[in-house]
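Just so we're on the same page, the numbering used here is the position in the sequence shown counted from 1, plus 708. Structure first, commentary second.
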Amino acid sequence: MRNFTNVHDIGDLKAAVAEALEVKKDRYAYTALGRNKTMLMIFFNSSLRTRLSTQKAAMNLGMNTMVLDINQGAWKLETERGVIMDGDKPEHLLEAIPVMGCYCDIIGVRSFARFESKEDDYSEKILNQFIDYSGRPVVSMEAATRHPLQSFADLITIEEHKETPRPKVVMTWAPHPRSLPQAVPNSFAEWMNETDYDFVITHPEGYELDPKFVGKAKVEYDQKKALEGADFVYAKNWAAYTDPNYGKIINTDRSWTVGVEHMALTNNAQFMHCLPVRRNMIVTDDVIEGPRSLVIPEAANREISAQVVLKRILESL
Ligand code: AN0
Ligand code: CP
709 MRNFTNVHDI GDLKAAVAEA LEVKKDRYAY TALGRNKTML MIFFNSSLRT
759 RLSTQKAAMN LGMNTMVLDI NQGAWKLETE RGVIMDGDKP EHLLEAIPVM
809 GCYCDIIGVR SFARFESKED DYSEKILNQF IDYSGRPVVS MEAATRHPLQ
859 SFADLITIEE HKETPRPKVV MTWAPHPRSL PQAVPNSFAE WMNETDYDFV
909 ITHPEGYELD PKFVGKAKVE YDQKKALEGA DFVYAKNWAA YTDPNYGKII
959 NTDRSWTVGV EHMALTNNAQ FMHCLPVRRN MIVTDDVIEG PRSLVIPEAA
1009 NREISAQVVL KRILESL
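What follows is the structure, given as structure tokens:
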């Protein structure tokens, strides 16, 4: 594997999950693989899990790791060509990227949607510049439209915890006070569509995702109806995708907040969220703290998904 930016880069998902479970049994079996190899992690946005789990995964493989927060200590970067750089940004991404590539063997990048231009966001402008100009394999640590390390960890978590061979997985929108990207829901849908699960998406009118990601998923606007018989409830907020509301909050209806009464409609479903989560906006205290909450094992699997990805890239260097 060269780059990891979407579900197709990982190939057969059954094989990927099997490899993840093998790595999880002995995460130090491949410490020689990353010897004298350096992982550089670039963050344009904040992170707790991605930062720690990806660094841990690299260390498990014997790699050296370096972490750089753009905007906090590095020079502010201009990203557009043709700009007369007389403002507050002293360096251009088009020099910064190849320079960063000089110091490492693999680059991880976190760069969220900016909601300034749907076209820029959905063409993955920043991520693709890293792929084109760094000269190194690139791992998405959440880009504008996808968060594949998260979705892979989510898949591993479902495979570990499913109680029926073909579970009903319901991804539900939930309210949030800030505009959040569609990357996590897009990506989760993209991965779920590659499984044989019964996958349903529910959200208020106006929160339709890009049809490219919705794929063959069932869309049900009635949240209660969608939750009936669910084995997994995957909650997430996202801002509107469809024009003219791209990037906007158009609904804050707290009846969508996942509470015990919502979970009572399900088949004793297990609750998932990628974290960070705002309690009592997305999910109530009782549900997230309850015995059917998977949020901590889900976060723990971020180390495993990252390790499989880095292992495969190292094997192909
Ligand atoms: C980000 C998002 O929704 O994409 C990161 C989630 C992993 N969440 C926030 O910015 C709160
Ligand atoms: N789930 C996730 O990616 O969390 P962070 O934003 O803290 O990395």
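Cβ coordinates follow ideal geometry from the N, Cα and C atoms, glycine included. Quantities reported herein were computed from a predicted structural model and do not represent experimental measurements.
Cβ contact annotation for A804 (same chain, cutoff 6 Å, sequence separation greater than five): L785, in chain order. The alpha helix (DSSP H) runs of length 4 or more contained entirely in the stretch 871-923 are, from start to end of the chain, 891-900, 919-922. Nearest neighbour of D918 by Cα position, chosen from Y830, F820, M749, turns out to be Y830. In this structure, the beta-carbon distance from H884 to R986 falls below 9 Å. Look at the beta carbons and you see the stretch 927-934 not touching the stretch 847-856: under three pairs across the two are nearer than 8 Å.
For the pair E916 and A925, the Cα-to-Cα distance works out to about 12 Å.
Nearest to R962 by alpha-carbon distance, out of A1014, W881, N975, is W881. In the pairwise beta carbon analysis, the stretch 986-998 is classified as not touching the stretch 732-749: fewer than three pairs are separated by under 8 Å. Burial state of R757 is buried, judged by a 10 Å Cβ sphere holding 16 or more other Cβ atoms.
Nearest C-alpha to P912 among F896, Y949, T903, L1025: Y949. DSSP, reduced to helix, strand and coil, places V985 outside both helices and strands of the structure shown, so it counts as coil.
Straight-line measurement puts the Cα of S819 at about 17 Å from the Cα of K797. Cβ contact annotation for T910 (same chain, cutoff 6 Å, sequence separation greater than five): T880, E928, Q931, A934, in chain order. Pairwise C-beta distances place the stretch 774-782 out of contact with the stretch 863-878, as fewer than three of them are shorter than 8 Å. Looking at Q837, G967, L776, D951, the one whose alpha-carbon comes closest to that of A943 is G967. Counting only the Cα atoms, V817 lies some 8 Å from F752. V892 has its Cβ nearer than 8 Å to a heavy atom of the ligand AN0. Less than 9 Å separates the beta-carbon of A766 from that of L1018. Per DSSP, S848 is one residue of the beta strand (DSSP E) stretching across 846-848. Residues G742, K745, M747 of the same chain have their beta carbon placed closer than 6 Å to that of M771, with the five preceding and five following residues left out of the count.
Its chain contains G770 as the residues whose beta carbon lies nearer than 8 Å to that of A740, once the 5 sequence neighbours on both sides are disregarded; these appear in chain order.
For G809, there is no enclosing beta strand (DSSP E); the residue is part of the alpha helix (DSSP H) that begins and ends at 801-810.
Between the ligand CP and Q858, a heavy atom-to-CB distance of less than 8 Å is present.
Here I792 carries a coil assignment [DSSP, helix/strand/coil]. In the three-state reduction of the DSSP assignment, K732 falls in the helix class, which pools H, G and I. The C-alpha of D720 is placed about 33 Å away from the C-alpha of L973. In the DSSP assignment, I750 forms a beta bridge with L776, V817.
Ranking P893, N976, Y905, V877 by CA distance to the CA of Q858 puts P893 first.
If you check the C-beta of T974 against the ligand CP, you find no heavy atom less than 8 Å away. By the Cβ neighbour-count rule, K876 is buried, with 16 or more other Cβ atoms within 10 Å of its own.
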